[in-house]
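Visitor:
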Amino acid sequence: MDRLKLVYADETAAAGRIECLDDAGQTMRTLDMSDMLQAIPCLASGTRIATRTGMRPVEDLRPGDMVLTRDHGQQPVIWAGSHALTWRDLGANPILRPVRMRAGAFGNGVPDADLVVSPNHQMLVTGRAGASGKGTEALIMARHLVGRPGIEVLNVMSVTYHQVLFSRHELILAEGLWTESYRPDASGLGAMNAAVREKVLGAGSDMPSMPVGAYDPARDTVARHNVISLIV
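With this note's numbering applied, the sequence shown has no gaps in its numbers, which climb one by one up to 362 at the end.
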């Protein structure tokens, strides 16, 4: 069985590569960490999403279903996909293990049930209020919150991740916590197989002419070193 060598580009382990070595220690192939992380879908099976008809498991969503968004009210799903990871996948690539945010981990009963997401999935947080009395909303990756009370990496045997795509990058309500929808970008789409990529790009009337990466983010992403100053 091939051995794995993780080579980090910086101290955050957010960038770098994974080298698959043979028995002689020679590199057989190299995988880019950022590409792998970006390619992984968002929400784990069982996550309940706020829709027009109430809370529904993410795996039950289909194109045309109306989902509550923070910025644009009820919006139709234009594509929904999933990807299952086995114990072999997670054993070979532990950086892909899911992150669990326990009920109430963000305070004030949020989320209202345990929420399990992929490491790079982003949640909405609010910065401390300034002179205007209003905080600044931003997105933060789940892996940057690991180690805080109630937030941990799960050592599971398998997980299925789900993506939900709209005509724009949206914020949706998952287990009572505002979180992001799937946002196509160059690395994520590039890591998909051709058949799935074609489905995404051709999913809706706005999609065929959409340049890869044309989806503007719903909010700015917060750097890891700024997390300490954020509250929900």
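Heads up, the beta-carbon is just placed ideally off N, CA and C, and yes, glycines get one too.
(1) Measure the C-alpha to C-alpha separation of V247 and D153 and round it to an integer number of angstroms.
(2) Distance check for Q156 and V255, CA to CA, integer angstroms please.
(3) What does the alpha-carbon distance come out to for the pair D201 and L284?
(4) Indicate whether H299 and Y345 have their beta-carbon atoms separated by less than 9 Å.
(5) Is the Cβ-Cβ distance between R182 and D195 less than 9 Å?
(6) To the nearest angstrom, how far is the alpha carbon of G221 from that of V289?
(7) Do you know how far the Cα of L301 is from the Cα of Q204?
(8) Tell me whether M253 is buried or exposed, calling it buried when 16 or more other Cβ atoms sit within 10 Å of its Cβ.
(9) Going by beta-carbon coordinates alone, are R230 and D244 separated by less than 9 Å?
(10) What alpha helix (DSSP H) runs, 4 residues minimum, are completely inside the segment 163-217?
(11) For R273, does the three-state DSSP call read helix, strand or coil?
(12) Identify every residue that forms a DSSP beta bridge with A243.
(13) Shortest alpha-carbon distance to I208 belongs to which of F296, P347, W308, T199?
(14) Who are Q252's beta bridge partners in DSSP?
(15) From what residue to what residue does the beta strand (DSSP E) around Q293 run?
Guide: Let's see:
(1) Residue numbering aside, residue 247 sits at position 117 when the sequence shown is read from its first letter. Residue numbering aside, residue 153 sits at position 23 when the sequence shown is read from its first letter. Roughly 35 Å separates the two Cα atoms.
(2) On the sequence shown, position 125 is the one that residue 255 refers to. On the sequence shown, position 26 is the one that residue 156 refers to. If I take the Cα positions, the gap works out to 44 Å.
(3) Along the sequence shown, read from residue 1 onward, the residue named residue 201 stands at position 71. Along the sequence shown, read from residue 1 onward, the residue named residue 284 stands at position 154. Note on geometry: alpha-carbon atoms of D201 and L284 lie some 31 Å from one another.
(4) Residue 299 sits at position 169 when you count from the first residue of the sequence shown. Residue 345 sits at position 215 when you count from the first residue of the sequence shown. Against a cut-off of 9 Å, the Cβ pair of Y345 and H299 comes out as a contact.
(5) Translated into the one-based positions of the sequence shown, residue 182 becomes position 52. Translated into the one-based positions of the sequence shown, residue 195 becomes position 65. Yes, Cβ-Cβ distance for R182 and D195 is below 9 Å.
(6) Working through the sequence shown from its first residue, we reach residue 221 at position 91. Working through the sequence shown from its first residue, we reach residue 289 at position 159. Approximately 12 Å, taken between the alpha carbons.
(7) Residue numbering aside, residue 204 sits at position 74 when the sequence shown is read from its first letter. Residue numbering aside, residue 301 sits at position 171 when the sequence shown is read from its first letter. Cα-Cα distance, rounded: 11 Å.
(8) What you label residue 253 is simply residue 123 of the sequence shown in a count that begins at 1. M253 is buried by the Cβ-count criterion.
(9) As a first step, residue 230 must be located in the sequence shown, where it is residue number 100. As a first step, residue 244 must be located in the sequence shown, where it is residue number 114. With respect to the 9 Å criterion, R230 and D244 are classified as neighbours on the basis of their beta carbons.
(10) Runs of the alpha helix (DSSP H) inside the segment 163-217: 163-169.
(11) By one-based count along the sequence shown, residue 273 stands at place 143. Reduced to three states, the DSSP call for R273 is helix.
(12) Position 113 of the sequence shown, counting from 1, holds the residue named residue 243. Paired residue(s): none; A243 is not in a bridge.
(13) Indexing the sequence shown from 1 puts residue 208 at position 78. Considering only alpha carbons, the answer is F296.
(14) By one-based count along the sequence shown, residue 252 stands at place 122. According to DSSP, Q252 bridges with M271.
(15) Within the sequence shown, the letter at position 163 stands for residue 293. That run of the beta strand (DSSP E) goes 289-295.
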